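Peer 1:
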Amino acid sequence: MSDVAIIGVGLHPFGRFGDTTGIEMGAVAARRALADAGIEWRDVQFGFAGSYEIDNPDAVVAFLGLTGIPFTDVYNGCATAASALALAAQTIRLGEHDVGIALGMDKHVGGAFKADPRLYACPSWYGELGQFLTTKFFGMKINKYMADHGISSSTLAKVAAKNYRNGVLNENAFRRKPLSEEEILDSPMLNYPLTQYMFCSPDEGAAAVVLCRADRAREYTDTPIYLRATAVRTRRLGAFEVHSPWLPIEETPGATVDASRAAYEMAGIGPEDVDVIQLQDTDAGAEVIHLAENGFCADGEQERLVADGETEIGGRLPTNTDGGLIANGEPIGASGLRQVHEIVLQLRGQAGDRQVPGSPRVGYTQLYGAPGTAGVSILSR
Amino acid sequence: MASVPVAEGVFTWPSDDPQLIGSKCGACGIVTFPAQGSCPRCASTDMAEHLLARRGALWAWTTQDFPPPSPPYAGPTGKDFVPFAVGYVELPGEVKVETRLTEHDPSALTHGMEMELVIVPFRTDDDGNDVVTFAFAPVRPVQGSAS
Chain A
1 MSDVAIIGVG LHPFGRFGDT TGIEMGAVAA RRALADAGIE WRDVQFGFAG
51 SYEIDNPDAV VAFLGLTGIP FTDVYNGCAT AASALALAAQ TIRLGEHDVG
101 IALGMDKHVG GAFKADPRLY ACPSWYGELG QFLTTKFFGM KINKYMADHG
151 ISSSTLAKVA AKNYRNGVLN ENAFRRKPLS EEEILDSPML NYPLTQYMFC
201 SPDEGAAAVV LCRADRAREY TDTPIYLRAT AVRTRRLGAF EVHSPWLPIE
251 ETPGATVDAS RAAYEMAGIG PEDVDVIQLQ DTDAGAEVIH LAENGFCADG
301 EQERLVADGE TEIGGRLPTN TDGGLIANGE PIGASGLRQV HEIVLQLRGQ
351 AGDRQVPGSP RVGYTQLYGA PGTAGVSILS R
Chain B
382 MASVPVAEGV FTWPSDDPQL IGSKCGACGI VTFPAQGSCP RCASTDMAEH
432 LLARRGALWA WTTQDFPPPS PPYAGPTGKD FVPFAVGYVE LPGEVKVETR
482 LTEHDPSALT HGMEMELVIV PFRTDDDGND VVTFAFAPVR PVQGSAS
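Shown next as C-alpha cells:
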C-alpha cells in the first residue's frame, strides 16, 4: 500500500459572505490548494467533496474544469470532512490514483441546526418536545463530566477565551475579537452550564487538501506533510451520544475514543508524540472532554492543564491554534479540512503569528457530531 | 377540552398511575424507550412491550434556556417560551430515558437525585385540546435549595 502525503492546502475564509454561494467558495479553496501544490486542475485524477447544504458539491467542476474525473460527494454529519479526507487517502493507499483532492464547503444560516428527527431514526415527538437539539446534548455531557471529574465553569470560559484569542491571530477566522472570561461567563445561558459565547456557530466557508502518493510528493513540494492515519467511527451501544431519546444501562466509550485509538494504532504514534492539536470544540466543554477522549490527559486533569496555559500556542499541548470552531464557526463540509489546513501550516512552520514554537513534527485532528460519528487524522513531517 | 398525549404509545394515558411504554428484547433482554421493533444490541425482532418503572435517579441534565428551532419544536415560542430542563433518568435495571424535568433551577438539580414520572401540560393544539407530555419531578427537594 502506498503512503499518502499532503502537497497543498487552501481555504476560503470562514464567516458570512452574503450572496457568494457555497460552490463559489469551494472553487476558491480548491484553486488555493492547487496553487499551494503547484499543480493545475487537469493534474487532479480524482476527488471527494463534502457538504451538508449543497446536494452536489462536485458541481464545482463548472468553475474548475470539466475533466471527467471520478468525483464523489460525501455527507457524514459533523465528520463529513474527515470522511472525505479518509476516502481520498484510501484511494491513494489502494493504488487507484496518485493525485487527488478532498474538498469541503458549506453555507449555513445562523442558529442551532434543525432537522426532522425521523431522518435520524428518532420519533417525531422527540422533536416536538424540543429535545432534538445538539446544544442540549453538549450541555448535558459537560455538566455530568464536570460533576464527575471536578471541572469548573471558569475552565470553560478560559478555553473559549483562548480560542477567541487565537482567532484574532487568524486572518481567515469568523470571530476575530478577543472576549474576556467574564464576558463569556456573563453571556446568556443557553444550555447550563454553557453560555452563548462558549458555543460555536454554523457559518460559511470552504477548505481543500491536495493529496498524492508519498513517494511522488517531492516532485511537487519540499515540505510534504504525511497523512499517517485517518479513522472514522460511529457510536457503539452504550455510548453517551447526541440525539439519543434513551440510553442503555450499560456504558461504553464514545465514537471519538474508538476513532482515536484506531488512528494511533494505524500511525504507530501515541498521544505523547503529538505537538499540535485540533479538536472539535462545538462548545468549550467539548474541547475539555475531547482532550481526554483523544488521550492527551486523564479525566479531570484539564482543570490544571488549562489553568497552567498548557493548551495555549506556547504550551505543551497547543490546541485549536487557529481558534477552532469557536472562532471559525462550523461550515460542516469544510470544518475538518480547515483543521488539516491549520496542522499543515503548523508542521511546515508557516503559521505566522500563531506558529507553535519548537518546529512541531506531529499534528492531530478530531471531529465529532451527530448522530454520534467521529473522525480523526494524524499528520507528520 | 380533552387532554391528549403528545403522541400515542409513549406513555399509558389516561391513567391514575401512568407509565412510559418501552420494549424488551426476548433474545437478549435489553430494554428500549420508546418501544421499537428490533433490538439495537442483538438485532432480534422478538420485541415485546414493557412498561417502565416510575422512579429512578437523575443521571445527566441541562437546561433549555432558548426556544428550540421550530419545526420540529411544537411548544410555545417567542415571549410565550418558558425555559425548561432536560435530563436522563436512570430507571434501575431497565434504561436511561431522556425527559423533560419539572424543575428548571440548576441549584435545585443534582446528579443522582431521585426522580418520579409525572404527566404535565405541554401546549394547546389547534382544536383547543390540552396536549400533555411526560416529565420527571424531584421526589424530594435538594437540601439547601431555595425551591
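From first to last, the protein sequence lines stand for chains A and B. Residue 1 is where the first sequence starts when you use the numbering used here, and the numbers rise one by one after that. Residue 382 is where the second sequence starts when you use the numbering used here, and the numbers rise one by one after that. Glycine is no exception: its CB is placed at the ideal position from the N, C-alpha and C atoms. If you're wondering where the values come from, they're calculated on a predicted model, not measured in any experiment.
1) Using a beta-carbon distance below 8 Å, is I313(A) in contact with chain B?
2) Determine whether the Cβ of N510(B) lies closer than 8 Å to any Cβ atom of chain A.
3) Would DSSP call Q90(A) helix, strand or coil?
4) Considering just the uninterrupted stretch of the alpha helix (DSSP H) at Y126(A), what are its terminal residues?
5) Count the other CB atoms, across all protein chains shown, that sit within 10 Å of the CB of V109(A); report buried if there are 16 or more and exposed otherwise.
6) Provide the residue(s) that pair with I225(A) in DSSP beta bridges, ordered along the chain.
7) Closest to G205(A) by CA distance: which of R235(A), G285(A) and V28(A) is it?
8) Considering only the beta carbon of each residue, do N510(B) and V387(B) sit closer than 8 Å?
9) Given a limit of 8 Å on CB to CB distance, which residues of the stretch 159-187 of chain A reach chain B?
10) According to DSSP, L247(A) sits in a beta bridge with which residue or residues?
11) Flag this pair as yes or no: are the beta carbons of R422(B) and E495(B) separated by less than 8 Å?
12) Which same chain residues, not among the five before or five after V257(A), have their C-beta less than 6 Å away from its C-beta?
13) Given this structure, state the Cα-to-Cα distance separating S528(B) from G358(A), to the nearest angstrom.
14) Which residues in chain A have a C-beta closer than 7 Å to the C-beta of F447(B)? List them in chain order.
15) State buried or exposed for E389(B), treating a residue as buried only when at least 16 other CB atoms are found within 10 Å of its CB.
16) Could you tell me whether the Cβ atoms of A231(A) and A255(A) are closer together than 8 Å?
17) Kindly list the residues whose CB is nearer than 8 Å to the CB of V513(B), restricted to its own chain and excluding five residues on each side of it in sequence; keep chain order.
18) Compute the Euclidean distance between the alpha carbons of D55(A) and R213(A), then round it to the nearest angstrom.
19) What residue range does the beta strand (DSSP E) around H431(B) cover?
20) In chain A, which residues lie less than 8 Å from G437(B) when you measure between Cβ atoms?
21) Do V523(B) and T491(B) count as a contact pair if the criterion is CB distance below 8 Å?
22) Return yes when the C-beta of E471(B) is under 7 Å from any heavy atom of the ligand NAD, and no when it is not.
23) Can a CB atom of chain A be found closer than 8 Å to the CB of P519(B)?
24) Using a Cβ-Cβ cutoff of 7 Å, what residues of the stretch 241-260 of chain A are near chain B? List them in chain order.
25) From which residue to which residue does the alpha helix (DSSP H) around D186(A) run?
26) Can you check which of these residues, T221(A), V306(A) and K136(A), is closest to H243(A) by C-alpha distance?
27) Specify the secondary structure class of M25(A) as computed by DSSP and reduced to three states.
28) Using a C-beta to C-beta distance shorter than 9 Å, which residues of chain A count as neighbours of V478(B)?
29) Between which two residues does the beta strand (DSSP E) carrying V376(A) extend?
30) Going straight from the alpha carbon of N320(A) to that of I402(B), what length do you get?
31) Cβ closer than 8 Å: which chain A residues qualify as neighbours of F414(B)?
32) Can you pull the chain B neighbours of N56(A), defined as C-beta to C-beta under 8 Å?
33) Taking one C-beta from the stretch 93-103 of chain A and one from the stretch 434-454 of chain B each time, how about it: are there three or more such pairs within less than 8 Å?
34) Beta-carbon separation of P326(A) and N191(A) under 8 Å?
35) For the stretch 123-170 of chain A, list the beta strand (DSSP E) runs that are entirely contained and at least 3 residues long, ordered along the chain.
36) According to DSSP, simplified to helix, strand and coil, what is T80(A)?
Peer 2: Let me spell this out:
1) Taking the first residue of the first sequence as 1, we reach residue 313(A) at position 313. Chain B contact via Cβ: absent.
2) As a position in the second sequence, residue 510(B) is number 129, starting the count at 1. Cβ-Cβ to chain A under 8 Å: no for N510(B).
3) Residue mapping note: residue 90(A) aligns to position 90 of the first sequence, counting from 1. In the structure shown, Q90(A) sits in a helix (DSSP, three-state: H, G or I).
4) As a position in the first sequence, residue 126(A) is number 126, starting the count at 1. Element bounds for Y126(A): S124 to E128.
5) Position 109 of the first sequence, counting from 1, holds the residue named residue 109(A). Classification for V109(A): exposed.
6) Position 225 of the first sequence holds residue 225(A). DSSP lists I6(A) as partners of I225(A).
7) By 1-based counting over the first sequence, the position of residue 205(A) is 205. G205(A) has its Cα closest to that of V28(A), out of R235(A), G285(A) and V28(A).
8) As a working mapping, residue 510(B) is identified with position 129 in the second sequence. As a working mapping, residue 387(B) is identified with position 6 in the second sequence. Against a cut-off of 8 Å, the Cβ pair of V387(B) and N510(B) comes out as no contact.
9) none
10) Here residue 247(A) is taken as the residue at index 247 of the first sequence, counted from 1. Answer is K477(B), bridged to L247(A).
11) Along the second sequence, one-based indexing puts residue 422(B) at 41. Along the second sequence, one-based indexing puts residue 495(B) at 114. Cβ atoms of R422(B) and E495(B): not closer than 8 Å.
12) Within the first sequence, the letter at position 257 stands for residue 257(A). Only E293 meet the Cβ criterion.
13) Position 147 of the second sequence holds residue 528(B). Position 358 of the first sequence holds residue 358(A). Reliability of the predicted coordinates at S528(B) is poor, the pLDDT of 46 falling under 50, and no value is obtained from them.
14) For the purposes of this step, residue 447(B) is identified with residue 66 of the second sequence, where counting begins at 1. Correct list: L190.
15) On the second sequence, position 8 is the one that residue 389(B) refers to. By the 10 Å Cβ count, E389(B) comes out exposed.
16) Looking up residue 231(A) in the first sequence gives position 231. Looking up residue 255(A) in the first sequence gives position 255. Contact: no.
17) Position 132 of the second sequence, counted from the start, is the residue given in the question as residue 513(B). Excluding positions up to five away in sequence, the list reads S384, V385, P386, V387, W394, I500, V501, P502 and F503.
18) Residue mapping note: residue 55(A) aligns to position 55 of the first sequence, counting from 1. Residue mapping note: residue 213(A) aligns to position 213 of the first sequence, counting from 1. Distance between the alpha carbons of D55(A) and R213(A): 29 Å.
19) Stepping through the second sequence from its first residue, residue 431(B) is reached at position 50. Residues M428 to L432.
20) Working through the second sequence from its first residue, we reach residue 437(B) at position 56. Under the 8 Å cutoff, chain A gives no residues; its nearest Cβ is about 11 Å from G437(B).
21) As a first step, residue 491(B) must be located in the second sequence, where it is residue number 110. As a first step, residue 523(B) must be located in the second sequence, where it is residue number 142. Going by C-beta atoms, T491(B) is nearer than 8 Å to V523(B).
22) Looking at this structure, you won't find the ligand NAD or any other ligand, since it has none at all.
23) On the second sequence, position 138 is the one that residue 519(B) refers to. No, because no Cβ of chain A sits closer than 8 Å to the Cβ of P519(B).
24) Within the stretch 241-260 of chain A, S244, P245, W246, L247, P248 and I249 place their CB atoms closer than 7 Å to a CB of chain B, listed in sequence order.
25) Counted from its first residue, the first sequence places residue 186(A) at position 186. Residues E181 to D186.
26) Start at 1 with the first residue of the first sequence, and residue 243(A) comes out as number 243. The residue with the shortest Cα to Cα distance from H243(A) is K136(A).
27) Translated into positions along the first sequence, residue 25(A) becomes position 25. In the structure shown, M25(A) adopts helical secondary structure according to DSSP, grouped into three states.
28) Translated into the one-based positions of the second sequence, residue 478(B) becomes position 97. Chain A residues near V478(B): P245, W246 and L247.
29) For the purposes of this step, residue 376(A) is identified with residue 376 of the first sequence, where counting begins at 1. Boundaries of the beta strand (DSSP E) harbouring V376(A): T373 to S380, taken from the DSSP string.
30) Stepping through the first sequence from its first residue, residue 320(A) is reached at position 320. Stepping through the second sequence from its first residue, residue 402(B) is reached at position 21. Their Cα atoms are separated by approximately 44 Å.
31) Along the second sequence, one-based indexing puts residue 414(B) at 33. Result: P245 and W246.
32) Reading the first sequence from its first residue, position 56 is the one you call residue 56(A). In chain order: nothing, as chain B lies at least about 26 Å away.
33) No, they do not touch.
34) Within the first sequence, numbered from 1, the residue matching residue 326(A) stands at position 326. Within the first sequence, numbered from 1, the residue matching residue 191(A) stands at position 191. It should be pointed out that residue 326(A) corresponds to Ile in this sequence rather than to Pro. Taking 8 Å as the cut-off, the Cβ atoms of I326(A) and N191(A) do not count as close.
35) none
36) Reading the first sequence from its first residue, position 80 is the one you call residue 80(A). Shown here, T80(A) sits in a helix according to DSSP, grouped into three states.
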